[in-house]
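Throughout, my numbering is defined as the position within the sequence shown, counted from one, plus 123.
Read the structure below first, then the notes.
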Amino acid sequence: MRLLKIGLGNVNSTVGALRANADRAIALAGRMAEDGVTVGAFHEQLIGGYPPEDLVQWPAFVDHQWGELLRFAEATARFPAVFVLGVAINQGGLRFNCAAVVAGGKVRGLVPKQKLPTYNVFYEGRNFARGHPGQSELHQGVPFGDLLFRRGAGGERLRLPVPGGRPADAPGADLHPRRGPRVHPGVRERGGHQ
Numbered sequence: 124m125r126l127l128k129i130g131l132g133n134v135n136s137t138v139g140a141l142r143a144n145a146d147r148a149i150a151l152a153g154r155m156a157e158d159g160v161t162v163g164a165f166h167e168q169l170i171g172g173y174p175p176e177d178l179v180q181w182p183a184f185v186d187h188q189w190g191e192l193l194r195f196a197e198a199t200a201r202f203p204a205v206f207v208l209g210v211a212i213n214q215g216g217l218r219f220n221c222a223a224v225v226a227g228g229k230v231r232g233l234v235p236k237q238k239l240p241t242y243n244v245f246y247e248g249r250n251f252a253r254g255h256p257g258q259s260e261l262h263q264g265v266p267f268g269d270l271l272f273r274r275g276a277g278g279e280r281l282r283l284p285v286p287g288g289r290p291a292d293a294p295g296a297d298l299h300p301r302r303g304p305r306v307h308p309g310v311r312e313r314g315g316h317q
């Protein structure tokens with residue numbers, strides 16, 4: 124049986140403090156790695172802070188998040204884990220609220236949020252474009268769209284360590300980017316946030 128140790132990271136991010144938010148995430152990712160976490164999940168809009176509201180109308184605010192995401196990837200390259208964190212990106216003239224998958228010093232994929240809230244301060248529909256099923260593009264050479272990361276799918280492998288310190292050649296978990304539906308058969312999708 125292959126086991127994953129999942130870590131949930133809640134960074135007290137500040138809207139607009141891109142570098143400080145990335146620094147906090149890097150520090151927490153380091154603690155996760157020390158604890159043997161194999162998949163570290165952070166909240167949406169981690170880099171830019173949440174809720175960014177109308178700041179996403181400023182191209183520089185969104186564009187600078189990519190640089191901080193790359194810095195996070197470089198700083199966590201030696202950690203034997205996959206991290207998922209929130210970032211805003213400009214793609215094809217539109218702004219997207221994305222989950223970025225980072226492993227091995229690289230951004231491995233970007234999944235845009237499909238279900239945007241439409242109420243109060245969280246009215247994301249006025250600032251972000253919705254991702255859509257089957258979306259498949261590249262952003263700066265990184266897969267962008269309706270991606271599902273699944274074990275044993277072929278293609279580029281993201282090797283995860285096996286908890287318990289077994290040798291590197293022992294069976295572990297391989298993650299592969301795949302395009303396809305976001306909901307597995309037999310699992311009902313619920314409304315609200317992605």
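Even for Gly, the Cβ is constructed at its ideal location relative to N, Cα and C.
Pick from the options that is closest to residue i, judged by C-alpha positions
i	options	result
Asn144	Ala152, Gly172 and Gly159	Gly172
Leu141	Glu191, Gly215, Ser259 and Asp269	Glu191
Lys238	Leu127, Ile149 and Asp269	Asp269
His262	Arg154, His255 and Phe219	Phe219
Ser136	Asn250, Glu167, Ser259 and Leu178	Glu167
Phe184	Tyr246, Gly139 and Pro256	Gly139
Ala198	Gly257, Phe267, Asp146 and Pro256	Asp146
Residues bridged to residue i (per DSSP)
i	result
Lys229	Ala226
Arg218	Asn213
Glu157	The partner list for Glu157 (beta bridge, DSSP) is empty, contrary to what the question assumes.
Ala164	Leu131 and Val207
C-beta contact flag for residue i and residue j at 8 Å
i	j	result
Leu151	Val134	yes
Ala117	Leu127	Residue 117 cannot be examined here, being either before or after the span of the chain that is shown, 124 to 317.
Ala200	Gly232	no
Val230	Leu193	yes
Asn250	Asp177	yes
Phe195	Val225	yes
7 Å Cβ shell around residue i - same chain, five flanking residues per side excluded
i	result
Leu217	Ala252
Gly248	Leu239 and Thr241
Arg289	Any reading at Arg289 must be qualified, since the residue scores a pLDDT of 40, below 50, and its modelled position is unreliable; no value is offered.
Assumed close pair residue i, residue j - CB separation to whole angstroms, cut-off 8 Å
i	j	result
Gln180	Val210	No, Gln180 and Val210 are not in contact; Cβ-Cβ is about 17 Å, not under 8 Å.
Asn213	Pro182	7 Å
Gly132	Ala156	In fact, because the Cβ distance is near 11 Å, the residues do not count as touching under 8 Å.
Ala222	Val160	Incorrect: roughly 17 Å between the Cβ atoms, too far for contact.
Lys236	Gly254	6 Å
Chain B within 8 Å of residue i, Cβ atoms only
i	result
Gly254	Considering every chain present, this structure includes no chain B. It has just one protein chain.
8 Å Cβ shell around residue i - same chain, five flanking residues per side excluded
i	result
Phe202	Ala152, Gly153, Met155 and Ala156
Gly186	Residue 186 is actually Asp in this sequence, not Gly. Here the set comprises Asn213.
Val207	Val162, Gly163, Ala164, Phe165, Ala222, Ala223, Val224 and Val225
Gly264	none
Cβ-based neighbour list, residue i, same chain, cut-off 6 Å, excluding 5 preceding and 5 following
i	result
Asp158	none
Pro256	Asp269
Gly130	Met155, Val160 and Gly163
Closer than 7 Å: residue i CB and nearest the ligand SAM heavy atom
i	result
Glu191	Judged by which ligands are present, the structure shown has none, so any question about the ligand SAM falls away.
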